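1 is the number of the first residue of the sequence shown in the numbering used here; add one for each residue after it.
What follows is a set of notes on a single structure, which appears directly below.
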Amino acid sequence: MRCPMGTQESAEVLLAYGACKLDAETTAALEKHMETCPACRESARGLRSAWEALDAFEAPPVSPDFDRNLYRRIAREVSWWDLLVRPFRAFPVRQGLPMAAAAGVMLLAGVMLYRPAAPPPPPPDAVQAVVEELRPDQVENALDDMEMLREFSHAMRPDAVEAKKM
Ligand SMILES: [Zn+2]
Numbered sequence: 001m002r003c004p005m006g007t008q009e010s011a012e013v014l015l016a017y018g019a020c021k022l023d024a025e026t027t028a029a030l031e032k033h034m035e036t037c038p039a040c041r042e043s044a045r046g047l048r049s050a051w052e053a054l055d056a057f058e059a060p061p062v063s064p065d066f067d068r069n070l071y072r073r074i075a076r077e078v079s080w081w082d083l084l085v086r087p088f089r090a091f092p093v094r095q096g097l098p099m100a101a102a103a104g105v106m107l108l109a110g111v112m113l114y115r116p117a118a119p120p121p122p123p124p125d126a127v128q129a130v131v132e133e134l135r136p137d138q139v140e141n142a143l144d145d146m147e148m149l150r151e152f153s154h155a156m157r158p159d160a161v162e163a164k165k166m
C-alpha cells in the first residue's frame with residue numbers, strides 16, 4: 001500500500017488502526033507497509049498506547065454529596081468582583097471583549113459629541129468693558145463701604161482706639 005503519511009487520509013487510517021477499527025484487509029496492508037516504514041510504525045504505536053491508556057483510565061468514584069459540596073463551595077468563593085462582572089460574561093469572551101470595547105468607544109464619542117460647549121472665556125476687551133461700565137457713584141459707594149469697614153475694624157481693636165486718643 002502507499003504510505004499514508006503525508007496524504008489526506010493518513011490521519012484517518014492511522015487513527016482507525018490505533019482504535020482497532022480498521023477493516024481486516026486495510027489492517028493487513030498497513031501492517032505490511034509498517035514493516036518497511038518507521039514513520040507509520042511510530043505513529044501507529046503512539047496511537048495504540050494512547051488508546052490503551054484511555055482504556056485503562058478509570059475515573060475516581062464521585063462522592064455521594066459531590067453536588068452539595070460543589071454548590072456550597074461556589075456560594076462561598078464567589079467574590080464581589082465575580083458578581084460585578086457576571087452580567088458581562090453572558091457574551092463569549094471572544095465576542096464580548098470587542099463588543100464591550102466598541103460600546104465604550106461609542107459612549108465616549110457620544111459624550112464628546114453631545115457635551116454642551118463650554119462658553120469660551122471672555123476676551124480681555126470684555127473684562128475692560130465691564131470695568132468701564134461701572135458708574136462713578138458705584139465706585140464712590142464702594143469706597144465708602146471700604147472706609148466704613150476700616151473704621152469698624154479700628155473700633156473693634158482697643159489698641160487702635162488708644163492710638164486714636166493720643
Ligand atoms: Zn508509511
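All C-beta atoms, glycine included, are put in the ideal place defined by N, C-alpha and C.
Note that the structure is a prediction, hence the values are computed from the model and not measured.
- Message: I need the DSSP call for alanine 160, collapsed to helix, strand or coil.
- Response: Note that alanine 160 has pLDDT 49, beneath the 50 cutoff, so the model's placement of it is unreliable and the number below is only indicative. Helix.
- Unbroken alpha helix (DSSP H) run spanning phenylalanine 66, endpoints: Residue range 66 to 77 is occupied by the alpha helix (DSSP H) that includes phenylalanine 66.
- Message: When you compare the CB positions of methionine 34 and arginine 45, do they come within less than 7 Å of one another, or not?
- Response: Against a cut-off of 7 Å, the Cβ pair of arginine 45 and methionine 34 comes out as no contact.
- Query: Hey, quick one: how far does the alpha helix (DSSP H) through proline 61 stretch, first residue to last?
  - Reply: For proline 61, there is no enclosing alpha helix (DSSP H), since its DSSP letter is neither H nor E.
- Query: Between alanine 11 and ligand 1, is the CB less than 6 Å from at least one heavy atom?
  - Reply: Here the distance from the Cβ of alanine 11 to the nearest heavy atom of ligand 1 is not below 6 Å.
- Message: Using only the alpha-carbon positions, how far apart do glycine 18 and proline 60 sit?
- Response: If I take the Cα positions, the gap works out to 26 Å.
- Item | Residues of its chain near cysteine 20, where Cβ-Cβ distance is below 8 Å and the 5 sequence neighbours each way are ignored | Scanning its chain for C-beta atoms nearer than 8 Å, with the 5 sequence neighbours on each side dropped, one finds around cysteine 20 the residues Trp51, in chain order.
- Message: On the CB-based measure, 16 or more other CB atoms within 10 Å of its CB, does serine 49 come out buried or exposed?
- Response: So serine 49 counts as exposed.
- When you compare only the Cα positions, how much space is there between alanine 53 and leucine 47? One alpha carbon belongs to alanine 53, the other to leucine 47, and they sit about 10 Å apart.
- Query: Any heavy atom of ligand 1 closer than 6 Å to the CB of serine 5?
  - Reply: For the sequence presented, residue 5 should be read as methionine rather than serine. Methionine 5: yes, Cβ under 6 Å from ligand 1.
- Query: Does the Cβ of alanine 160 have 16 or more other Cβ atoms within 10 Å, making it buried, or fewer, making it exposed?
  - Reply: Its pLDDT being 49, under 50, alanine 160 is placed unreliably by the model, and the measurement read from it follows with that caveat. Classification for alanine 160: exposed.
- Apply the 10 Å Cβ neighbour rule to valine 85 and answer buried if 16 or more other Cβ atoms are within range, or exposed otherwise. Label assigned to valine 85: exposed.
- At what residues does the alpha helix (DSSP H) containing threonine 26 begin and finish? Per DSSP, threonine 26 belongs to the alpha helix (DSSP H) from 24 to 34.
- Message: Let me confirm a value: leucine 149 is counted as buried when at least 16 other C-beta atoms fall within 10 Å, else exposed. Which label applies?
- Response: Label assigned to leucine 149: exposed.
- Message: I'd like the list of long-range same chain contacts for alanine 102, defined as Cβ closer than 6 Å, with 5 residues on each side in sequence excluded.
- Response: Nothing meets the Cβ criterion.
- Consider the C-beta atom of alanine 39 and the heavy atoms of ligand 1; say whether any pair is separated by less than 6 Å. Yes, ligand 1 has a heavy atom inside 6 Å of this Cβ.
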